[in-house]
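*Asks:* The working numbering numbers the first residue of the sequence shown as 113 and each following residue consecutively.
I have a structure here, written as structure tokens, and I will follow up with some questions on it.
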Amino acid sequence: MILVVGANGMLGRDLMPLLGDRGRGVDIDGIDITSLESVERVLTAVRPSVVINCAAYTDVDGCESNQETAMRVNGEGVGHLAMASRTIGARLVQISSDYVFDGSKGTPYLEDDAPNPLSVYGESKLAGEMNAAVNPDHLIVRTQWLYGLHGKNFVETMLRLGSERDELSVVDDQVGSPTWTVDLAHAVVALLEKGCRGVYHAANEGYCSWNDFARAIFQEAGMAVKVTAMTTEQLNRPARRPLYSTLDCGKLARDGGYRPQPWRDALRSYLKLRK
113 MILVVGANGM LGRDLMPLLG DRGRGVDIDG IDITSLESVE RVLTAVRPSV VINCAAYTDV
173 DGCESNQETA MRVNGEGVGH LAMASRTIGA RLVQISSDYV FDGSKGTPYL EDDAPNPLSV
233 YGESKLAGEM NAAVNPDHLI VRTQWLYGLH GKNFVETMLR LGSERDELSV VDDQVGSPTW
293 TVDLAHAVVA LLEKGCRGVY HAANEGYCSW NDFARAIFQE AGMAVKVTAM TTEQLNRPAR
353 RPLYSTLDCG KLARDGGYRP QPWRDALRSY LKLRK
């Protein structure tokens, strides 16, 4: 049996249907990952063979002013899951982020490239990766720029703002791969079914800037919204972002036998589904 922690979140809700009868979900009302006692109680009672952790504090700018909470959830919470899952002999799957990198490499990041987070969020996700390794039977899946039907995301923000305004400014100097949670869920399941361990990257194929992504959203949605360019410096957000954090997903294709679809195709499928 596979236990999904954070089952009511954006990724968790797309994972559960794929797992079918094998899956069982628990969320914040049933488990507190910041409490080792809570984690041990749930895992000992359920005794899953795999624990997939989709729970996280994902407010990147909020993490800057709530460093203790970010570390407690994204770092220490993963450590609790690692210890408890190791005790019962379960594999731990930890969902991580491109924000563990500084974006200065200039080419897509490989799994063994050295992390160098720029923000508290990135630091907390890297701490989570390190703590996940407390359980030798672990799988770390790094992803980026997530959107899905069951949570706040960039696509929905653009569609909302585009319905209110004729023109929007969006940063054009941050580059990555927009990733649909459905495709990420398929990647996680593929890696599990192949018995993969260690670190893997999983994102939709291809890359673009946030500005390119916004333009594509409006084009696919048939909305006449002018998208102008601005820089990350002009946006002036509290947390520093990696400027080029594209992930190389070749290892996922080789070992997991799964290649996520191009990001624009995924966006098109998402927009059709949300209607």
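For every residue, glycine included, the Cβ atom is placed at its ideal position computed from N, Cα and C.
Between which two residues does the alpha helix (DSSP H) carrying M183 extend?
*Replies:* For M183, there is no enclosing alpha helix (DSSP H), as DSSP marks it with neither H nor E.
*Asks:* Are the beta-carbon atoms belonging to G240 and N323 less than 7 Å from one another?
*Replies:* no
*Asks:* When the Cα of S231 is compared with those of L261, L383, M183, which residue comes out closest?
*Replies:* M183
*Asks:* Please give me, in chain order, every unbroken run of the beta strand (DSSP E) with length at least 3 that falls completely inside the stretch 252-297.
*Replies:* As far as the stretch 252-297 is concerned, its whole beta strand (DSSP E) runs of at least 3 residues are 279-283.
*Asks:* Could you spell out the range, first to last residue, of the beta strand (DSSP E) harbouring K338?
*Replies:* 338-342 is the span of the beta strand (DSSP E), which, as asked, contains K338.
*Asks:* Which of the three DSSP states is assigned to Y169 in this structure?
*Replies:* DSSP places Y169 in coil when its eight states are reduced to three.
*Asks:* Can you tell me which residues form a DSSP beta bridge with E317?
*Replies:* P374
*Asks:* Give the single residue among A157, Q373, M242 whose Cα lies nearest to the Cα of I207.
*Replies:* M242
*Asks:* Taking the beta strand (DSSP E) that I114 belongs to, which residues open and close that run?
*Replies:* 114-117
*Asks:* Cβ atoms of G118 and C166: under 7 Å apart, would you say?
*Replies:* Yes.
*Asks:* Nearest to Y221 by alpha carbon, out of K387, R254, P248, V294?
*Replies:* Closest by alpha carbon: R254.
*Asks:* Residues in the same chain with beta-carbon distance under 8 Å from G142, minus the five sequence neighbours each way, listed in chain order, please.
*Replies:* V154
*Asks:* At 3 residues or longer, what runs of the beta strand (DSSP E) sit wholly inside the stretch 126-162?
*Replies:* 135-138
*Asks:* Are the CB atoms of D126 and T293 within a distance shorter than 7 Å?
*Replies:* Taking 7 Å as the cut-off, the Cβ atoms of T293 and D126 count as close.
*Asks:* Beta carbon of R198, beta carbon of N247: below 7 Å?
*Replies:* yes
*Asks:* Do you know whose CA, among V116, G124, T181, R327, lies nearest V151's CA?
*Replies:* V116
*Asks:* Do F330 and V260 come within 7 Å of each other at the CB atom, strictly closer than that value?
*Replies:* Rather than Val, the amino acid found at residue 260 in this sequence is Gly. Their beta carbons are not under 7 Å apart, which means G260 does not touch F330 by this criterion.
*Asks:* With H, G and I counted as helix, E and B as strand and the rest as coil, what does DSSP make of V190?
*Replies:* helix
*Asks:* What does the Cβ neighbour count give for T358, buried or exposed, with the cut at 16 atoms within 10 Å?
*Replies:* buried
*Asks:* Output yes or no for whether 7 Å exceeds the beta carbon distance between L204 and A245.
*Replies:* The answer is no: Cβ separation not under 7 Å.
*Asks:* Whose C-alpha, out of C320, N228, S161, is nearest the C-alpha of V282?
*Replies:* C320
*Asks:* Less than 7 Å separating the beta-carbons of F213 and P372?
*Replies:* No; because the gap between Cβ atoms is not below 7 Å, this pair is not in contact.
*Asks:* Taking S236 as part of the alpha helix (DSSP H), name the residues at either end of that continuous run.
*Replies:* 232-244
*Asks:* Using three-state DSSP, classify S197 as helix, strand or coil.
*Replies:* Helix, per DSSP.
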